[in-house]
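Numbering (the UniProt record's numbering), first residue to last: 1 to 611. For reference, the structure is listed below as structure tokens.
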Amino acid sequence: MNDVSEMMNSLILSFLVGMGVTLLIVGTAGLLRKQGKLDIEKRTIWKKANRCQTFWETNSDACLLLNTNREILEVNPAWRKLIEHEDSTEAGNSSIAFMDYVGQEEVPAIRKHLHRMFQGETLNANVTLVKKSHRSLHVNVTFLPLIRRKRVLGGLLMIRDYTDQKNMEEQLYHMAYYDALTDLPNRRLLEVRFQEALQTMSNPEQIDKLAVLFLDIDSLQGINHSLGHQFGDLALITVANRLKACVRECDTVSRLDGDEFILLLPSIMQDELYLISDKIIQAIEQPCLIKGHKVHVTASIGIALYPDDGQDVQALIKQADTAMFHAKSRNGSHYKLFSPIMNDIDFERLHVESELQRALENRELRLYYQPKVSLETQRIVAMEALIRWEHPFKGLILPDEFLPLAEQTGLIIPIGEWVLRTACTQAVEWQEQGYPPVRISINLANRQIWKHNFIDMIATVLKETGLQAEYLELELTENMLLNNKRGYELVYQLKELGVQVSLEQFGSDLHSLRQLIELPIDRINIDRRFIYELPYEDKNQAVVLSVIALAQKLDWTILAKGVETQEELDYLRKHCCDEYQGYLFQEPVSSDKVKALLRQNLVLLNRMNER
1 MNDVSEMMNS LILSFLVGMG VTLLIVGTAG LLRKQGKLDI EKRTIWKKAN
51 RCQTFWETNS DACLLLNTNR EILEVNPAWR KLIEHEDSTE AGNSSIAFMD
101 YVGQEEVPAI RKHLHRMFQG ETLNANVTLV KKSHRSLHVN VTFLPLIRRK
151 RVLGGLLMIR DYTDQKNMEE QLYHMAYYDA LTDLPNRRLL EVRFQEALQT
201 MSNPEQIDKL AVLFLDIDSL QGINHSLGHQ FGDLALITVA NRLKACVREC
251 DTVSRLDGDE FILLLPSIMQ DELYLISDKI IQAIEQPCLI KGHKVHVTAS
301 IGIALYPDDG QDVQALIKQA DTAMFHAKSR NGSHYKLFSP IMNDIDFERL
351 HVESELQRAL ENRELRLYYQ PKVSLETQRI VAMEALIRWE HPFKGLILPD
401 EFLPLAEQTG LIIPIGEWVL RTACTQAVEW QEQGYPPVRI SINLANRQIW
451 KHNFIDMIAT VLKETGLQAE YLELELTENM LLNNKRGYEL VYQLKELGVQ
501 VSLEQFGSDL HSLRQLIELP IDRINIDRRF IYELPYEDKN QAVVLSVIAL
551 AQKLDWTILA KGVETQEELD YLRKHCCDEY QGYLFQEPVS SDKVKALLRQ
601 NLVLLNRMNE R
């Protein structure tokens with residue numbers, strides 16, 4: 001630093017000489033008595049000046065030379081290069097020109113630094129400069145007073161640009177603390193924000209709480225399989241943006257992993273928490289338009305509160321995750337607050353999962369069959385296979401109690417194959433026993449059709465059981481097909497095998513009709529909701545008549561589900577419905593009781609042939 005000070009002092013002297021200021025070097029007989037000594041002094045000054053000039057011109061650090069009036073005497077080439085030759089760099093401008101480059105928030109501090117420099121202090125500070133092009137520069141400034149004989153003659157600002165280093169640090173920080181896909185905070189930053197939020201929660205008993213929301217997208221896997229992971233990623237980005245729009249400025253929306261998000265809502269009242277949760281559910285339910293495809297997603301949310309449900313972020317996330325699974329059990333688009341009893345229920349869930357796995361291995365699963373009947377002939381044309389669980393202690397368990405869990409755990413894949421193989425084998429046995437062939441109808445679950453070898457599995461089962469493909473009917477839901485490339489491909493692949501395709505829950509969204517009429521499906525099932533009280537419900541009549549009219553034009557067979565009264569059946573017959581199913585004809589029965597129904601069917605068929 002001494003060498004720099006000496007050099008800068010000489011530089012000041014050289015500038016003063018250059019400006020024509022009379023130096024009290026020559027003619028001061030009392031101080032310099034000998035001409036030889038004067039010559040030595042002059043040569044020394046100019047050597048220092050030349051050396052300093054070289055330093056000034058070649059230094060990579062930007063330098064500004066100020067006098068005690070804070071006027072810029074000179075700037076070096078590095079400064080001009082730093083700010084790209086903007087006009088305010090010319091010597092003679094007031095130091096306000098330099099201050100114009102300082103970020104507004106830092107101006108007061110830099111003014112104090114300049115004042116202290118002219119008091120003789122050497123200081124250092126990191127400063128943000130903003131160029132006229134609005135580009136920010138991160139620089140380190142050394143405030144160096146130029147002192148000669150204990151007197152401050154001016155000041156030197158030595159400015160080192162570390163913008164690239166700063167940008168690299170910020171980039172590394174962003175990579176460490178933000179999600180690469182959605183640009184949301186990741187779990188690491190969430191934990192930091194949680195600790196920061198705790199600092200504002202001085203009283204754990206205060207009315208407002210800190211809420212942790214665990215959000216899971218219910219249908220992302222289907223999008224990935226049907227349209228590709230690129231669409232799934234774009235759907236996640238859309239969800240992320242919608243989440244940010246739903247919360248407050250003080251809240252944190254983070255992506256945990258895959259299709260899971262964690263939201264941190266500090267200092268929130270319960271009524272506001274409910275409002276935000278409802279807002280999120282509604283926002284995510286809105287269709288996403290991605291590359292011309294309308295994609296539908298829903299979300300399930302679990303909520304845990306600090307300090308009631310946990311003292312740290314890991315505990316709160318765990319409890320919110322538990323609550324989320326309970327919300328998901330309601331088929332999505334719901335949120336649940338954590339309750340300690342949920343942990344007991346989760347233990348029960350694991351127990352049921354284990355029992356269900358054992359049931360598959362121990363052959364505790366059973367198939368019941370419900371007939372589908374022709375309205376014209378009253379002959380059975382199909383048998384729908386319906387699974388039951390014959391528990392050794394609990395008795396007969398209906399599918400609604402265990403199939404949702406099977407879907408969540410993946411057990412639906414082996415269970416679904418068991419249903420297909422068992423039903424096809426049973427259908428062949430009935431034919432071999434001399435009963436007229438009837439279609440065997442099987443419902444498919446979402447997770448089944450995403451299995452990459454699903455079509456191969458169907459073909460293998462048909463070959464191994466010997467059932468002709470025309471007697472296998474697979475029921476798909478609208479949701480499996482709408483805006484779903486995989487669903488569309490699946491229908492065509494099934495038709496290539498010769499399998500019949502039935503559309504389940506048809507009419508749940510009449511806007512979907514246009515998208516479905518292009519598919520080579522064989523029949524559509526009118527949902528039982530529209531059959532209930534059909535002769536007396538105008539709205540249900542409008543739906544049913546519209547579907548029947550459309551089906552007739554498209555040469556589709558119509559099946560009405562859930563027929564329970566003679567009035568409903570008469571209305572359907574009057575308006576030319578093709579087939580029906582429901583308790584009016586027969587409730588689901590075990591396979592050993594089906595034979596009696598098939599014998600009646602055989603009698604009807606013989607009578608028809610005699611006519």
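Beta carbons are placed, not taken as given, at the ideal position from N, Cα and C, and that holds for glycine.
Whole angstroms are fine: how far does the CA of residue j sit from the CA of residue i?
| i | j | result |
| --- | --- | --- |
| I262 | K372 | 47 Å |
| Y335 | V544 | 34 Å |
| H391 | A359 | 8 Å |
| F55 | Q199 | 51 Å |
| L273 | A211 | 8 Å |
| K574 | T377 | 14 Å |
| V491 | P520 | 7 Å |
| K294 | E478 | 14 Å |
| Q286 | A459 | 38 Å |
| T252 | K132 | 34 Å |
| D400 | L497 | 30 Å |
| L411 | Q357 | 7 Å |
| F118 | E196 | 40 Å |
| A326 | V352 | For the record, residue 326 in the displayed sequence is His; it is not Ala. The alpha-carbon atoms of H326 and V352 are separated by roughly 15 Å. |
| L23 | L137 | Because L23 sits at a pLDDT of 34, beneath the cut-off of 50, its placement in the model cannot be relied upon, and the following sentence gives the value as read from the coordinates. When rounded, the distance between both Cα atoms is 40 Å. |
| V313 | L213 | 11 Å |
| G395 | E355 | 13 Å |
| E361 | P414 | 10 Å |
| A245 | K112 | 41 Å |
| M7 | L156 | Because the pLDDT at M7 is just 48, under 50, the model does not fix this residue reliably, and the value given afterwards should be weighed accordingly. Straight-line Cα distance between these residues: approximately 11 Å. |
| V139 | I284 | 44 Å |
| L144 | M175 | 37 Å |
| S591 | S441 | 14 Å |
Between which residues of its own chain and residue i is the CB-CB distance below 6 Å, once the five residues before and five after are set aside?
| i | result |
| --- | --- |
| D189 | Position check: residue 189 holds Leu in this sequence, whereas Asp was assumed. Once the five neighbours on either side are set aside, the close Cβ partners of L189 are Y177. |
| V21 | Any reading at V21 must be qualified, since the residue scores a pLDDT of 35, below 50, and its modelled position is unreliable; the value itself is stated next. Nothing meets the Cβ criterion. |
| K34 | Its pLDDT being 42, under 50, K34 is placed unreliably by the model, and the measurement read from it follows with that caveat. Hits under 6 Å: none found. |
| L481 | G487 |
| V594 | Y369 |
Going by C-alpha distance, which of the options is nearest residue i?
| i | options | result |
| --- | --- | --- |
| D216 | G292, A320, T200 | A320 |
| K553 | E518, E568, V563 | E518 |
| R149 | G120, L289, E376, V501 | G120 |
| K561 | A549, R330, L550, E475 | E475 |
| I290 | M324, T238, S339, R330 | T238 |
| E432 | T460, G466, I442 | G466 |
| L584 | Q448, T565, T68 | T565 |
| residue 620 | I276, I301, I303 | Any property of residue 620 remains undetermined from this structure, which presents the chain solely from 1 to 611. |
| Y101 | V130, I83, R116 | V130 |
| S546 | K81, D522, C576 | C576 |
| E180 | T163, D233, L559, Q165 | Sequence inspection shows Ala at residue 180; the Glu mentioned does not correspond to that position. Considering only alpha carbons, the answer is D233. |
| D308 | F338, A299, G332 | F338 |
| L602 | R363, K328, I301, Y435 | Y435 |
So what's residue i in DSSP terms, helix, strand or just coil?
| i | result |
| --- | --- |
| A304 | strand |
| Q552 | helix |
| M201 | coil |
| H334 | strand |
| S546 | helix |
| V461 | helix |
| L405 | helix |
| L519 | coil |
| V419 | helix |
| H174 | helix |
Of all the CB atoms in chain C, is at least one closer than 9 Å to the CB of residue i?
| i | result |
| --- | --- |
| V547 | Of the chains in the structure shown, none is chain C; there is only one protein chain. |
Residues in the same chain with beta-carbon distance under 7 Å from residue i, minus the five sequence neighbours each way, listed in chain order, please.
| i | result |
| --- | --- |
| N76 | W56, E57, N59, A62, C63 |
| N443 | E475, E504 |
| E191 | V313 |
| R599 | none |
Less than 8 Å between C-beta atoms, sequence neighbours within five positions excluded: which residues of the same chain meet that for residue i?
| i | result |
| --- | --- |
| E169 | none |
| G30 | At G30 the pLDDT is 37, less than 50, meaning the model places this residue with poor confidence; the figure from the coordinates comes in the next sentence. Counting only Cβ-Cβ distances below 8 Å, and skipping sequence neighbours, we find nothing. |
| V107 | M99 |
Within the segment 558 to 609, ranges of the beta strand (DSSP E) (whole runs, at least 3 residues): 579 to 581
Extract the residue ranges of the alpha helix (DSSP H) inside the segment 128 to 201, only unbroken runs of 4 or more that lie entirely within it. Complete alpha helix (DSSP H) runs here, min 4: 163 to 177, 187 to 199.
Segments of 3+ residues assigned as beta strand (DSSP E) that fall wholly inside the UniProt domain "GGDEF" (208 to 340): 209 to 217, 252 to 257, 260 to 268, 288 to 290, 293 to 295, 299 to 306, 334 to 337
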